[in-house]
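Novice:
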Amino acid sequence: MEKVGKSALIVEGGAMRGVFSCGILDYFMEKNFSPFDSFWGVSAGGSNLAAYLADMPGRNLKIYLDYSLRKEFLRPGQFAMGGDLMDLDWMWEVTLEELGIDKDVLKADPRPFFLGVTRQDNGEPEYHTPDVEMLAETMKASSALPVMYRHGVELNGVRYVDGGVADAIPVAEAIRRGATQIMVLRSRPASYRKSEPKFDVLTKHLLKDHPALIAPMLTRHIRYNETLELIEHPPEGVEIIQICPPEDFKLKRLSREKAPLKKAYYLGYESGKEAMIRWDKLSLNSL
Numbered sequence: 001m002e003k004v005g006k007s008a009l010i011v012e013g014g015a016m017r018g019v020f021s022c023g024i025l026d027y028f029m030e031k032n033f034s035p036f037d038s039f040w041g042v043s044a045g046g047s048n049l050a051a052y053l054a055d056m057p058g059r060n061l062k063i064y065l066d067y068s069l070r071k072e073f074l075r076p077g078q079f080a081m082g083g084d085l086m087d088l089d090w091m092w093e094v095t096l097e098e099l100g101i102d103k104d105v106l107k108a109d110p111r112p113f114f115l116g117v118t119r120q121d122n123g124e125p126e127y128h129t130p131d132v133e134m135l136a137e138t139m140k141a142s143s144a145l146p147v148m149y150r151h152g153v154e155l156n157g158v159r160y161v162d163g164g165v166a167d168a169i170p171v172a173e174a175i176r177r178g179a180t181q182i183m184v185l186r187s188r189p190a191s192y193r194k195s196e197p198k199f200d201v202l203t204k205h206l207l208k209d210h211p212a213l214i215a216p217m218l219t220r221h222i223r224y225n226e227t228l229e230l231i232e233h234p235p236e237g238v239e240i241i242q243i244c245p246p247e248d249f250k251l252k253r254l255s256r257e258k259a260p261l262k263k264a265y266y267l268g269y270e271s272g273k274e275a276m277i278r279w280d281k282l283s284l285n286s287l
């Protein structure tokens, strides 16, 4: 198990809701704010962190406001015929080709960047620290939500799916590895709690080819809500702050409207200042 330093930045996923943390991280880049010893991302949160660590402000906003809204990405017609709802292969190929990712900057940063993924064969979480050549495929795996992207992503001979299935906000793992000062960028308001799934029978049917994922998918709400309790009541010696969207934040997971996405981004951007102030206070209190 790789131990980490005391300070950690953890970024939640949430598909299009991730545009909020994209705004926060763009503000951090503008202010050259990066006081963390380790970084933890899941799904869209991992992709946002990759742009942050590559020092590419605006990169992922372009993805949210352009590529994610193109007809090539969400394909309900193909999904109805047994294909994938999200064409992650197209998304990663076109954005890497047209936007790139600064591999030199990523290589130069020695701090660990963990991407949360879920094993397709047993439903267990794993936390990968890929080199820059494996980063894109690992980010894709971390975003491969079962049902929407049916077959997962193969990494070194093992198939993985979205990290949010097993561990959506890996606070407990960061603590287990030594983090004691943690900032969590959320994609839901602070009061949000995940509800029990409503379509158990349909979920079981859609995952019949991957039975090990059925139980984790149907119990995601339990682990998610336990993590929120941990954030609000951390163990002695651990301090956690979370930066959340406002309580009236209503952005949908698969929003297709540019105006609400822009609004959510600028909400995040404005929250970046608050995040920096709260982190500085946390750091001063620990001295």
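When the sequence shown is numbered by full-length UniProt numbering, its final residue is 287 and no position is left out of the sequence of numbers. The C-beta atom is built at its ideal place from N, Cα and C for all residues, glycine as well. Small disclaimer: the values here were computed from a predicted structure and weren't measured.
1. Of all the options 67, 131, 133 and 115, which has the alpha carbon lying nearest to the alpha carbon of residue 125?
2. My assumption, with CB atoms under 8 Å, is that residue 85 sits in contact with residue 74. Please give the rounded CB distance.
3. Suppose you measure from the CA of residue 276 to the CA of residue 51; what does that come to, to the nearest Å?
4. Scan the region 28 to 109 and note each continuous beta strand (DSSP E) run of 3 residues or more that stays entirely inside, going in chain order.
5. Could you check whether the Cβ of residue 4 sits closer than 8 Å to any Cβ belonging to chain C?
6. Could you tell me if residue 259 is buried or exposed, where buried requires 16 or more neighbouring beta carbons within 10 angstroms of its beta carbon?
7. Which full runs of the alpha helix (DSSP H) of 4+ residues lie inside the region 188 to 231, going along the chain?
8. Helix or strand or just coil, what does DSSP make of residue 160?
9. Where does the unbroken beta strand (DSSP E) through residue 13 begin, and where does it stop?
10. Looking only at C-alpha atoms, which of 41, 151, 195 and 28 sits nearest to residue 223?
11. Report the option in 3, 257 and 26 whose CA atom is closest to the CA atom of residue 330.
12. Residue 7 bridges to which residues according to DSSP?
13. Please classify residue 140: is it buried, with 16 or more other beta-carbons within 10 angstroms of its beta-carbon, or exposed?
14. For the alpha helix (DSSP H) holding residue 284, just list the boundary residues, first then last.
15. Can you tell me whether residue 96 is buried or exposed? The criterion is at least 16 other CB atoms within 10 Å of its CB, across all chains shown.
16. I'd like the list of long-range same chain contacts for residue 293, defined as Cβ closer than 6 Å, with 5 residues on each side in sequence excluded.
17. So which of 138, 61, 55 and 252 has the shortest CA-CA distance to residue 108?
18. So, do the region 197 to 210 and the region 252 to 270 have three or more beta carbon pairs nearer to each other than 8 Å?
19. Do you know offhand how far residue 120's Cα is from residue 219's?
20. Compute the distance between the beta-carbons of residue 182 and residue 10, then report whether it is under 8 Å.
21. Are the region 6 to 22 and the region 92 to 106 in contact at 8 Å, needing three or more beta carbon pairs?
22. Hey, out of 146, 235 and 156, whose CA is closest to residue 133's CA?
23. Determine which residues share a DSSP beta bridge with residue 155 and list them.
24. In whole angstroms, what is the alpha-carbon distance linking residue 143 and residue 14?
25. Rounded to a whole number of angstroms, what is the C-alpha to C-alpha distance between residue 160 and residue 272?
Specialist: Taking the definition as stated:
1. Position 125 of the sequence shown holds residue 125. Per the Cα distances, 115.
2. Translated into the one-based positions of the sequence shown, residue 85 becomes position 85. Translated into the one-based positions of the sequence shown, residue 74 becomes position 74. Their Cβ separation, rounded to whole angstroms, is 6 Å, which keeps residue 85 and residue 74 in contact under 8 Å.
3. Here residue 276 refers to the residue found at position 276 of the sequence shown. Here residue 51 refers to the residue found at position 51 of the sequence shown. Their backbone Cα atoms lie some 19 Å apart in a straight line.
4. 38 to 42
5. Absent from the structure is chain C; it holds one protein chain and no more.
6. In the sequence shown, residue 259 corresponds to position 259, counting from 1. Per the 10 Å Cβ criterion, exposed.
7. 200 to 206 and 214 to 218
8. By one-based count along the sequence shown, residue 160 stands at place 160. It is a strand residue.
9. The residue labelled residue 13 in the question sits at position 13 within the sequence shown. Looking at the DSSP string, residue 13 is not in any beta strand (DSSP E), and its letter there is neither H nor E.
10. The count along the sequence shown starts at 1 and reaches residue 223 at position 223. Here the closest residue by C-alpha is 195.
11. The question about residue 330 has no answer here: the residues shown for the chain are numbered 1 through 287.
12. One-based indexing of the sequence shown puts residue 7 at position 7. 181.
13. Working through the sequence shown from its first residue, we reach residue 140 at position 140. Label assigned to residue 140: buried.
14. Taking the sequence shown and counting its residues from 1, one reaches residue 284 at position 284. Its alpha helix (DSSP H) spans residues 258 to 285.
15. Position 96 of the sequence shown holds residue 96. That one is exposed.
16. Residue 293 lies beyond the range of the chain shown here (1 to 287); nothing can be said about it.
17. Within the sequence shown, the letter at position 108 stands for residue 108. With distances taken between Cα atoms, residue 108 lies closest to 55.
18. no
19. Numbered from its first residue, the sequence shown carries residue 120 at position 120. Numbered from its first residue, the sequence shown carries residue 219 at position 219. The straight-line gap from Cα to Cα measures roughly 15 Å.
20. Taking the first residue of the sequence shown as 1, we reach residue 182 at position 182. Taking the first residue of the sequence shown as 1, we reach residue 10 at position 10. Yes, Cβ-Cβ distance for residue 182 and residue 10 is below 8 Å.
21. no
22. As a first step, residue 133 is located in the sequence shown; it is residue number 133 there, counting from the start. It is 156 whose Cα lies nearest to the Cα of residue 133.
23. Along the sequence shown, read from residue 1 onward, the residue named residue 155 stands at position 155. Paired residues: 158.
24. Here the question's residue 143 lines up with position 143 in the sequence shown. Here the question's residue 14 lines up with position 14 in the sequence shown. Distance between the alpha carbons of residue 143 and residue 14: 9 Å.
25. The residue given as residue 160 occupies position 160 in the sequence shown. The residue given as residue 272 occupies position 272 in the sequence shown. Spanning the two alpha carbons is a distance of roughly 32 Å.
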